[in-house]
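Engineer: Before I ask anything, let me first share the structure, which is written out below as C-alpha coordinates.
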Amino acid sequence: MYFSPKPEFLENSITFSRKSVNGKVNMMAYKGNAYVIGHSSETSGLYSETEASMDTLEGLSPEDTS
1 MYFSPKPEFL
11 ENSITFSRKS
21 VNGKVNMMAY
31 KGNAYVIGHS
41 SETSGLYSET
51 EASMDTLEGL
61 SPEDTS
(Lines of atoms letter the chains of each structure in order from A and count residues from 1; the text may use other names and numbers.)
(Lines give C-alpha, C1' and ligand atoms only; values in the text may rest on other atoms or scores of the structure.)
Protein backbone atom coordinates (compact mmCIF):
# COMPACT_ATOMS: atom_id res chain seq x y z
CA MET A 1 0.00 0.00 0.00
CA TYR A 2 1.33 3.41 -1.00
CA PHE A 3 1.53 6.10 1.65
CA SER A 4 2.75 9.63 1.16
CA PRO A 5 3.70 11.82 4.14
CA LYS A 6 2.93 14.98 2.15
CA PRO A 7 -0.75 15.38 3.19
CA GLU A 8 0.15 14.93 6.85
CA PHE A 9 3.01 17.43 6.53
CA LEU A 10 0.73 19.96 4.84
CA GLU A 11 -1.98 19.61 7.50
CA ASN A 12 0.55 20.00 10.32
CA SER A 13 2.11 23.03 8.62
CA ILE A 14 -1.25 24.77 8.33
CA THR A 15 -2.13 23.96 11.94
CA PHE A 16 1.24 25.32 13.14
CA SER A 17 0.96 28.52 11.09
CA ARG A 18 -2.50 29.28 12.50
CA LYS A 19 -1.32 29.36 16.13
CA SER A 20 -0.72 33.11 16.12
CA VAL A 21 -3.60 34.03 13.81
CA ASN A 22 -6.59 35.86 15.23
CA GLY A 23 -9.27 38.10 13.89
CA LYS A 24 -12.41 38.16 11.82
CA VAL A 25 -13.02 38.30 8.07
CA ASN A 26 -16.34 39.43 6.59
CA MET A 27 -17.00 37.84 3.22
CA MET A 28 -19.74 38.04 0.63
CA ALA A 29 -20.64 35.34 -1.88
CA TYR A 30 -21.98 36.60 -5.19
CA LYS A 31 -22.47 34.59 -8.38
CA GLY A 32 -20.01 31.88 -7.40
CA ASN A 33 -17.29 34.28 -6.23
CA ALA A 34 -16.16 35.17 -2.72
CA TYR A 35 -15.32 38.77 -1.87
CA VAL A 36 -13.66 40.07 1.29
CA ILE A 37 -15.66 43.09 2.41
CA GLY A 38 -13.86 43.70 5.69
CA HIS A 39 -11.40 42.32 8.18
CA SER A 40 -10.25 43.04 11.71
CA SER A 41 -7.66 41.66 14.07
CA GLU A 42 -6.30 42.23 17.55
CA THR A 43 -2.86 42.62 15.95
CA SER A 44 -4.00 44.84 13.09
CA GLY A 45 -1.26 47.36 13.90
CA LEU A 46 1.17 45.32 11.82
CA TYR A 47 0.14 47.07 8.61
CA SER A 48 -0.12 50.81 8.22
CA GLU A 49 -1.62 52.10 4.98
CA THR A 50 0.10 55.47 5.39
CA GLU A 51 3.54 53.88 5.81
CA ALA A 52 2.98 51.51 2.89
CA SER A 53 1.82 54.28 0.57
CA MET A 54 4.37 55.98 -1.69
CA ASP A 55 2.14 59.08 -1.74
CA THR A 56 2.86 60.12 1.84
CA LEU A 57 6.44 58.89 2.11
CA GLU A 58 8.91 61.75 2.16
CA GLY A 59 12.60 61.65 1.42
CA LEU A 60 12.47 58.65 -0.90
CA SER A 61 13.18 58.85 -4.58
CA PRO A 62 13.03 56.08 -7.21
CA GLU A 63 16.83 56.17 -7.47
CA ASP A 64 17.08 54.91 -3.88
CA THR A 65 15.78 51.49 -4.92
CA SER A 66 18.62 50.61 -7.25
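In this text, residue positions in the sequence shown follow UniProt numbering: the first is 1, and each later residue adds one. Virtual Cβ for every residue (Gly too), placed ideally from N, Cα, C.
Helix or strand or just coil, what does DSSP make of N22?
Structural biologist: On the sequence shown, position 22 is the one that residue 22 refers to. In the structure shown, N22 sits in coil (DSSP, three-state: anything other than H, G, I, E or B).
Engineer: With distances taken between CB atoms, is the gap from A26 to E42 smaller than 7 Å?
Structural biologist: Mapped onto the sequence shown, residue 26 falls at position 26. Mapped onto the sequence shown, residue 42 falls at position 42. Here residue 26 is Asn; the residue named in the question, Ala, does not match the sequence. Not closer than 7 Å, so no.
Engineer: For A52, collect the residues of the same chain with a Cβ closer than 7 Å to its Cβ; drop the 5 residues on either side in sequence, then sort them by chain order.
Structural biologist: Counted from its first residue, the sequence shown places residue 52 at position 52. Cβ within range, chain order: n/a, list empty.
Engineer: Return the Cβ separation of K24 and S40 in integer angstroms, given the expectation that the two are a contact with Cβ distance under 8 Å.
Structural biologist: Within the sequence shown, numbered from 1, the residue matching residue 24 stands at position 24. Within the sequence shown, numbered from 1, the residue matching residue 40 stands at position 40. Contact flag correct, Cβ pair sits at about 5 Å.
Engineer: Return helix, strand or coil for S13, following the three-state DSSP convention.
Structural biologist: On the sequence shown, residue 13 is found 13 positions in, with the first residue counted as 1. Three-state result, S13: helix.
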